[in-house]
Ligand code: ZN
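Residue numbers (my numbering): 69 to 226.
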């Protein structure tokens with residue numbers, strides 16, 4: 069496993085539409101391991117492949133509340149309700165923003181074991197799913213934010 073370099077805003081790779089994964093090879097599984105390691109090292113709750121320069125439809129998530137997932141070719145097939153979330157992104161360090169997200173989403177994805185699953189997520193986990201899956205279409209949360217601001221220095225690291 070290896071910690072990869074996280075791409076920051078301004079890097080074109082964050083704006084690319086990612087390609088679906090056709091086959092779960094050893095290389096894909098290694099990539100997923102690296103994505104988890106990179107996410108934990110940066111103390112994030114989610115990471116999408118384009119954030120480390122890979123234009124494949126893969127995201128990893130850990131909401132620190134039992135919701136740990138590696139999702140291949142994830143798709144939101146149903147969204148219900150509304151919530152306002154306060155979000156940050158490892159590719160937009162030092163900033164935060166408010167985004168209106170669904171309260172509940174149903175996501176279809178392939179897991180690293182090769183099987184397809186349907187996951188229902190709500191609350192914070194639904195926010196992370198939406199945020200990470202947006203990355204796969206080249207969308208950043210700031211594009212949708214109602215408020216986008218620099219985190220005041222006094223609050224940084226809290
Ligand atoms: Zn992000």
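Where is the CB? At the ideal position from N, CA and C, for every residue including glycine.
Query	Result
On the three-state DSSP scale, how would you describe residue 222?	coil
Identify every run of the alpha helix (DSSP H) within the stretch 145-198, keeping only runs that are complete inside it and at least 4 residues long; order them along the chain.	none
Please determine whether the Cβ atom of residue 157 lies at a distance below 8 Å from any heavy atom of ligand 1.	yes
With DSSP as the reference, label residue 208 as helix, strand or coil.	coil
Could you spell out the range, first to last residue, of the alpha helix (DSSP H) harbouring residue 97?	94-109
Measure the C-alpha to C-alpha separation of residue 156 and residue 94 and round it to an integer number of angstroms.	31 Å
Do residue 164 and residue 119 come within 9 Å of each other at the CB atom, strictly closer than that value?	no
Indicate whether residue 115 and residue 128 have their beta-carbon atoms separated by less than 9 Å.	yes
What span of residues does the beta strand (DSSP E) with residue 116 cover, start to end?	114-116
Using the rule of at least 16 other Cβ atoms within 10 Å of the residue's Cβ for burial, across every protein chain shown, is residue 169 buried or exposed?	buried
Given 8 Å as the limit, is there contact between the stretch 186-201 and the stretch 100-109, that is, 3 or more CB pairs closer than that?	no
Within 8 Å: the Cβ of residue 200 and any heavy atom of ligand 1?	yes
Taking residue 91 and residue 208 to be in contact with their CB atoms under 8 Å, please state how far apart those CB atoms are, rounded to whole angstroms.	Contact doesn't hold; Cβ gap of about 29 Å is too wide.
Is DSSP giving residue 127 helix, strand or coil here?	strand
Using C-beta distances below 6 Å, list every residue in its chain close to residue 182, excluding the 5 sequence neighbours before and after it, in chain order.	92
Spatial neighbours of residue 81 within its chain, please: CB distance less than 7 Å, with the 5 preceding and 5 following residues excluded, ordered by chain position.	75, 118, 121, 123
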